[in-house]
Amino acid sequence: MSQTRLVIAIDGPSGSGKSSTAREVARRLSLGYLDTGAMYRAVTVAFLDSGVDPADTAAVIAATTGADIEISLDPDAHWVRVNGREVTAEIREPRTSANVSAVATIPECRADLVRRQRALMDSDPRGVVAEGRDVTTVVYPDADVRILLTASEVERLARRGSELAGQVSEADLRDQVLRRDADDSLLVNFTQAADGVHHLDTSELSFTHVVDVVLALVDEVRA
Ligand code: DC
Numbered sequence: 236m237s238q239t240r241l242v243i244a245i246d247g248p249s250g251s252g253k254s255s256t257a258r259e260v261a262r263r264l265s266l267g268y269l270d271t272g273a274m275y276r277a278v279t280v281a282f283l284d285s286g287v288d289p290a291d292t293a294a295v296i297a298a299t300t301g302a303d304i305e306i307s308l309d310p311d312a313h314w315v316r317v318n319g320r321e322v323t324a325e326i327r328e329p330r331t332s333a334n335v336s337a338v339a340t341i342p343e344c345r346a347d348l349v350r351r352q353r354a355l356m357d358s359d360p361r362g363v364v365a366e367g368r369d370v371t372t373v374v375y376p377d378a379d380v381r382i383l384l385t386a387s388e389v390e391r392l393a394r395r396g397s398e399l400a401g402q403v404s405e406a407d408l409r410d411q412v413l414r415r416d417a418d419d420s421l422l423v424n425f426t427q428a429a430d431g432v433h434h435l436d437t438s439e440l441s442f443t444h445v446v447d448v449v450l451a452l453v454d455e456v457r458a
């Protein structure tokens, strides 16, 4: 493994802690940070904006492959633009979350975004921590460290619930966490660790502990 470039891939379902963990590990190791889910979300904003019906597969594919996506790799300055428009806040809105599976469940859309994600990860000379549903298996199976974070359903609902406090109903919360994961898992396995992927159940662990475990795994491969 190169001492100068390090690639860390973190997979997991909604509420497993992958985003906050990946961002903090990137900060601690002075690496880039790639939120691959933000790219699926950005494309969702683009197709909804242009009036595309989520059920119109051909139109969703065209909107995806034609989208100009720009995304920050700075863990301290997260922004996303699609087709020249800043959508950093909009990608987190319930309307986007409710429709993002329309992109995530189409293989052609996935292939296009995976290709762009690999290119982005290779573009950062420091290396990168990337997180998403398929980063350890499809986007970057040859990453130096690959980790699957999971957590119990109760814990994942509680974490997303506190992040979205007051913004969504209980039904919408369940839709965002459980229905979306069920839909997404039709094409991607993000609940079982593939060969060579470390599995960490974060249900009972503090955030600091999870970050420390990831940093220890990095130390092992660097030793
Ligand atoms: O991690 P997130 O909730 O921001 O991801 C948004 C959606 O994008 C989610 O429904 C699944 C999809 N996604 C994916 O299929 N593969 C990825 N690598 C990242 C996200």
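So this note's numbering is basically just the index in the sequence shown, starting at one, shifted up by 235.
C-beta atoms are modelled at their ideal positions from N, C-alpha and C, and glycine is treated no differently.
(1) Compute the distance between the beta-carbons of Arg240 and Pro360, then report whether it is under 8 Å.
(2) Can Val242 and Ala277 be called in contact, C-beta distance under 8 Å?
(3) When DSSP labels each residue in this structure, what does Glu439 get in the three-state scheme?
(4) At what residues does the beta strand (DSSP E) containing Asp288 begin and finish?
(5) Do Ala378 and Ala273 come within 8 Å of each other at the CB atom, strictly closer than that value?
(6) For Gly267, tell me which candidate among Val295, Thr279 and His313 has the shortest Cα-Cα distance.
(7) If you draw a straight line from the alpha carbon of Asp284 to that of Arg351, how long is it in whole angstroms?
(8) For Ala365, write down the residues that DSSP places opposite it in a beta bridge.
(9) Any idea what DSSP makes of Val322, helix, strand or coil?
(10) What's the C-alpha gap between Arg475 and Glu439?
(11) Can you give me the C-alpha to C-alpha distance between Thr299 and Pro248, rounded to a whole angstrom?
(12) So what's Gly250 in DSSP terms, helix, strand or just coil?
(13) Tell me which same chain residues have a C-beta within less than 6 Å of the C-beta of Leu392, skipping the five on either side of it?
(14) Run through the stretch 298-356 for me and flag every whole alpha helix (DSSP H) of 4 or more residues, listed as ranges in chain order.
(15) Output the distance between the C-alpha atoms of Asp447 and Ala290, rounded to the nearest integer angstrom.
(16) Comparing alpha-carbon positions, which option in Ala354, Thr372, Arg395 and Thr279 lies nearest Arg330?
(17) Between Tyr275 and the ligand DC, is there a pair consisting of the residue's CB and a ligand heavy atom that are separated by less than 7 Å?
(18) Is the closest heavy atom of the ligand DC to the C-beta of Arg368 under 7 Å?
(19) Relative to the alpha-carbon of Ser485, which residue among Ser254, Val317 and Gly362 has its alpha-carbon at the smallest distance?
(20) Measure the alpha-carbon distance for Ala333 versus Arg394 and round it to whole angstroms.
(21) Kindly list the residues whose CB is nearer than 7 Å to the CB of Ser459, restricted to its own chain and excluding five residues on each side of it in sequence; keep chain order.
By the coordinates alone:
(1) As a first step, residue 240 is located in the sequence shown; it is residue number 5 there, counting from the start. As a first step, residue 360 is located in the sequence shown; it is residue number 125 there, counting from the start. Taking 8 Å as the cut-off, the beta carbon of Arg240 is found closer than this to the beta carbon of Pro360.
(2) Taking the first residue of the sequence shown as 1, we reach residue 242 at position 7. Taking the first residue of the sequence shown as 1, we reach residue 277 at position 42. The answer is no: Cβ separation not under 8 Å.
(3) Residue 439 sits at position 204 when you count from the first residue of the sequence shown. Three-state result, Glu439: coil.
(4) Against the sequence shown, residue 288 aligns to sequence position 53. The continuous stretches of beta strand (DSSP E) do not include Asp288, and DSSP gives it neither H nor E.
(5) By 1-based counting over the sequence shown, the position of residue 273 is 38. By 1-based counting over the sequence shown, the position of residue 378 is 143. In this structure, Ala378 does not lie closer than 8 Å to Ala273 by Cβ.
(6) Walking along the sequence shown from the start, residue 267 turns up at place 32. Closest option to Gly267, judged by alpha-carbon separation, among Val295, Thr279 and His313: His313.
(7) By one-based count along the sequence shown, residue 284 stands at place 49. By one-based count along the sequence shown, residue 351 stands at place 116. Straight-line Cα distance between these residues: approximately 22 Å.
(8) The count along the sequence shown starts at 1 and reaches residue 365 at position 130. Answer is Ala244 and Leu269.
(9) For the purposes of this step, residue 322 is taken as residue 87 along the sequence shown, with counting starting at 1. DSSP places Val322 in the coil class of the three-state scheme, outside both helix and strand.
(10) No answer is possible for residue 475: the residues shown for the chain start at 236 and end at 458.
(11) Locating residue 299 in the sequence shown gives position 64, where the first residue counts as 1. Locating residue 248 in the sequence shown gives position 13, where the first residue counts as 1. Rounded to whole angstroms, the gap between the alpha carbons of Thr299 and Pro248 is 22 Å.
(12) In the sequence shown, residue 250 corresponds to position 15, counting from 1. Three-state result, Gly250: coil.
(13) Here residue 392 corresponds to residue number 157 of the sequence shown, with the count starting at 1. Val412.
(14) Those alpha helix (DSSP H) runs which fall completely within the stretch 298-356 and span 4+ residues are 329-334 and 336-339.
(15) For the purposes of this step, residue 447 is taken as residue 212 along the sequence shown, with counting starting at 1. For the purposes of this step, residue 290 is taken as residue 55 along the sequence shown, with counting starting at 1. Cα-Cα distance, rounded: 43 Å.
(16) Walking along the sequence shown from the start, residue 330 turns up at place 95. Nearest to Arg330 by C-alpha distance, out of Ala354, Thr372, Arg395 and Thr279, is Thr279.
(17) Position 40 of the sequence shown holds residue 275. True, at least one ligand heavy atom lies under 7 Å from that Cβ.
(18) Stepping through the sequence shown from its first residue, residue 368 is reached at position 133. Because some heavy atom of the ligand DC lies under 7 Å away, the Cβ of Arg368 counts as near it: yes.
(19) The requested residue 485 does not occur in the structure, where the chain is confined to residues 236 to 458.
(20) What you label residue 333 is simply residue 98 of the sequence shown in a count that begins at 1. What you label residue 394 is simply residue 159 of the sequence shown in a count that begins at 1. Distance between the alpha carbons of Ala333 and Arg394: 18 Å.
(21) Since the displayed the chain opens at 236 and closes at 458, residue 459 lies outside it and no answer follows.
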